[in-house]
Amino acid sequence: MIKAIIVDDELSAIRSLKWEIEKFCKDIEITDTFINPIEAISAINYLKPDCIFLDIEMPEMDGFQLLRHLDHINFDLIITTAFDNYAIRAFKANAIDYLLKPIDTDDLLAAVAKIKNNKEKNTLGVDLEMVIKSIMPKKSPRKIPLVFSGKTIFVNSSDIIYCKSSGNYCEIFFKNQKKEIISKKLKEFEILINNDDFFRVHKSYLVNVTYIKEFIKSDGQYLVLENDTTIPVARLKKNALIHFLSH
Numbered sequence: 006m007i008k009a010i011i012v013d014d015e016l017s018a019i020r021s022l023k024w025e026i027e028k029f030c031k032d033i034e035i036t037d038t039f040i041n042p043i044e045a046i047s048a049i050n051y052l053k054p055d056c057i058f059l060d061i062e063m064p065e066m067d068g069f070q071l072l073r074h075l076d077h078i079n080f081d082l083i084i085t086t087a088f089d090n091y092a093i094r095a096f097k098a099n100a101i102d103y104l105l106k107p108i109d110t111d112d113l114l115a116a117v118a119k120i121k122n123n124k125e126k127n128t129l130g131v132d133l134e135m136v137i138k139s140i141m142p143k144k145s146p147r148k149i150p151l152v153f154s155g156k157t158i159f160v161n162s163s164d165i166i167y168c169k170s171s172g173n174y175c176e177i178f179f180k181n182q183k184k185e186i187i188s189k190k191l192k193e194f195e196i197l198i199n200n201d202d203f204f205r206v207h208k209s210y211l212v213n214v215t216y217i218k219e220f221i222k223s224d225g226q227y228l229v230l231e232n233d234t235t236i237p238v239a240r241l242k243k244n245a246l247i248h249f250l251s252h
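Residue numbers are given in this note's numbering: position 220 of the sequence shown equals residue 225, and the series is strictly consecutive.
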């Protein structure tokens, strides 16, 4: 049985797709559905599905952003969208299937047949990071709003060296040696900053990779930044970080 998750900001679209799958695709088990992409991220990392049906056009967080924030990426991906644009065609070129809304049953069956074949061959999953980077242009530095009581300051994302979780707060460290504390969790700030130069190396640290000076793989593995700060690297993040830096 192929375990799948549906992510779409429209409940009617979820119900329609779920009905199609349950009626025509007996090899697919829908383990969960989400209209909130942030909640979907945690569930995907925990449930580790074989397949995700993902709406790429969502207002709170689009499908590209969601994919960037996943730890678990060993799954087949089927994009569901009403827009046949260049990005979707690029996904197709990289062996990722997509379904145009309203979804045609024959197209759904063809996509599911590919997933079933991949699972039988134990070849589930694609290099999502490389696909995303080949499609989406690299973001230029932009202003990030930091909200405090009574004021909002705007900073360049390129001026941020790293961010550290402090419970429900986030400590932000700048290249001019300043530090600001905002009332956002690190996960929330990571979504806000949405910049390809930042990588979550640890549950408590988000690092601007342009400031990495060394990656020490002994003594518990850690990064040395250009300001000589040392940042721990989680064991499960090591390979993903090396892959990220090499590309």
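Glycine included, C-beta positions come from ideal geometry on N, C-alpha and C.
**Asked** Are the beta-carbon atoms belonging to Lys-180 and Asp-164 less than 7 Å from one another?
**Response** Working through the sequence shown from its first residue, we reach residue 180 at position 175. Working through the sequence shown from its first residue, we reach residue 164 at position 159. Going by C-beta atoms, Lys-180 is nearer than 7 Å to Asp-164.
**Coil, strand or helix - Ser-251 by DSSP** = Translated into the one-based positions of the sequence shown, residue 251 becomes position 246. Annotated three-state conformation of Ser-251 is helix, per DSSP.
**Request:** For the stretch 184 to 191 and the stretch 224 to 231, state whether three or more C-beta atom pairs, one from each stretch, are separated by less than 8 Å.
**Result:** Counting Cβ pairs under 8 Å, fewer than three are found: no touch.
**For Ile-19, the first and last residue of its enclosing alpha helix (DSSP H)** = The residue given as residue 19 occupies position 14 in the sequence shown. For Ile-19, the enclosing alpha helix (DSSP H) stretches over residues 16 to 29.
**Own chain residues within Cβ distance below 7 Å of Ile-158, not counting five before or after** = Here the question's residue 158 lines up with position 153 in the sequence shown. Cβ within range, chain order: Leu-151.
**Item:** Classification of Ala-18 by the beta-carbon crowding that lies within 10 angstroms, buried from 16 upward
**Value:** As a working mapping, residue 18 is identified with position 13 in the sequence shown. Buried, by the Cβ-count rule.
**Asked** Alpha carbon to alpha carbon, how far is Thr-86 from Thr-235?
**Response** Mapped onto the sequence shown, residue 86 falls at position 81. Mapped onto the sequence shown, residue 235 falls at position 230. Thr-86 and Thr-235 have their alpha carbons spaced roughly 43 Å apart.
**Asked** When the Cα of Gly-172 is compared with those of Ile-187, Ile-7, Lys-243, Ser-47, which residue comes out closest?
**Response** Position 167 of the sequence shown, counted from the first residue, corresponds to residue 172. Taking only the C-alpha atoms, the option nearest Gly-172 is Ile-187.
**Cα-Cα separation between Ile-196 and Gln-70, rounded to whole angstroms** = Position 191 of the sequence shown holds residue 196. Position 65 of the sequence shown holds residue 70. Taking the straight line joining both Cα atoms gives about 8 Å.
**Prompt:** According to the neighbour-count rule (16 or more other Cβ atoms, all chains shown, within 10 Å of its Cβ), is Phe-29 buried or exposed?
**Reply:** Within the sequence shown, the letter at position 24 stands for residue 29. By the neighbour-count definition (other C-beta atoms within 10 Å, threshold 16), Phe-29 is an exposed residue.
**Request:** With a threshold of 16 other CB atoms inside 10 Å of the CB of Gly-68, please say whether the residue is buried or exposed.
**Result:** The residue you call residue 68 lines up with position 63 of the sequence shown. Buried: at least 16 other Cβ atoms inside 10 Å.
**Request:** Check whether the Cβ atoms of Ile-120 and Cys-56 lie closer than 7 Å to each other.
**Result:** Within the sequence shown, the letter at position 115 stands for residue 120. Within the sequence shown, the letter at position 51 stands for residue 56. The Cβ atoms of Ile-120 and Cys-56 lie closer than 7 Å to each other.
**Message:** Please state the DSSP three-state secondary structure of Thr-234.
**Reply:** Residue numbering aside, residue 234 sits at position 229 when the sequence shown is read from its first letter. In this structure, Thr-234 counts as coil in the three-state DSSP scheme.
**Message:** Buried or exposed for Lys-31, going by 16 or more other Cβ atoms inside 10 Å?
**Reply:** Taking the sequence shown and counting its residues from 1, the one referred to as residue 31 is at position 26. Exposed.
**Request:** Could you pull the start and end residues of the beta strand (DSSP E) that Phe-203 belongs to?
**Result:** In the sequence shown, counting from the first residue as 1, residue 203 sits at position 198. Segment 203 to 207, the beta strand (DSSP E) holding Phe-203.
**Message:** Considering only their Cβ atoms, is the gap separating Leu-75 from Ile-49 smaller than 7 Å?
**Reply:** Residue numbering aside, residue 49 sits at position 44 when the sequence shown is read from its first letter. Residue numbering aside, residue 75 sits at position 70 when the sequence shown is read from its first letter. In contact: Ile-49 and Leu-75 (Cβ atoms closer than 7 Å).
**Asked** When DSSP labels each residue in this structure, what does Asn-244 get in the three-state scheme?
**Response** Residue mapping note: residue 244 aligns to position 239 of the sequence shown, counting from 1. Annotated three-state conformation of Asn-244 is helix, per DSSP.
**Request:** Measure the alpha-carbon distance for Asn-244 versus Thr-36 and round it to whole angstroms.
**Result:** For the purposes of this step, residue 244 is taken as the residue at position 239 of the sequence shown. For the purposes of this step, residue 36 is taken as the residue at position 31 of the sequence shown. For Asn-244 and Thr-36, the distance between alpha carbons rounds to 28 Å.
**Message:** By the three-class DSSP mapping on this structure, what secondary structure does Asn-127 have?
**Reply:** Within the sequence shown, numbered from 1, the residue matching residue 127 stands at position 122. Note: Asn-127 maps to coil in three-state DSSP.
**Item:** Assigned exposure category for Pro-54 - 16 Cβ within 10 Å defines buried
**Value:** Sequence index remark: in the sequence shown, residue 54 carries index 49 (1-based). Around the beta carbon of Pro-54, 16 or more other beta carbons sit within 10 angstroms, so the residue counts as buried.
**Asked** Helix, strand or coil for Asp-60 per DSSP?
**Response** By 1-based counting over the sequence shown, the position of residue 60 is 55. Asp-60: strand per DSSP, three-state reduction.
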